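Worksheet: the structure to be examined is printed underneath.
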């Protein structure tokens, strides 16, 4: 993985501003942060063992 220094991060930020526009940056940052929080929350939750297992494809219902 390449090392990202300050010049590279500034270049990436400029490209993002050009592509999405400065007005949408807070919206994109908020959505990205919410997605990361939801992902971490999903990783921390234990799987629900009370759910029945999914039906296999061996015996489909007709």
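In the numbering used here, the protein residues as written are 181 to 242. The beta-carbon is built from N, C-alpha and C at its ideal position, and this holds for glycine as well. Model, not experiment: these values are computed from the prediction.
Please list the terminal residues of the continuous alpha helix (DSSP H) segment that includes residue 202. Along the chain shown, one-based indexing puts residue 202 at 22. Note, residue 202: premise wrong, no alpha helix (DSSP H); not H, not E.
If you draw a straight line from the C-alpha of residue 222 to the C-alpha of residue 210, how long is it? Locating residue 222 in the chain shown gives position 42, where the first residue counts as 1. Locating residue 210 in the chain shown gives position 30, where the first residue counts as 1. Roughly 18 Å between the two C-alpha positions.
Backbone secondary structure at residue 225 - three-state DSSP: Locating residue 225 in the chain shown gives position 45, counting from the first residue. Residue state, collapsed to three classes: coil.
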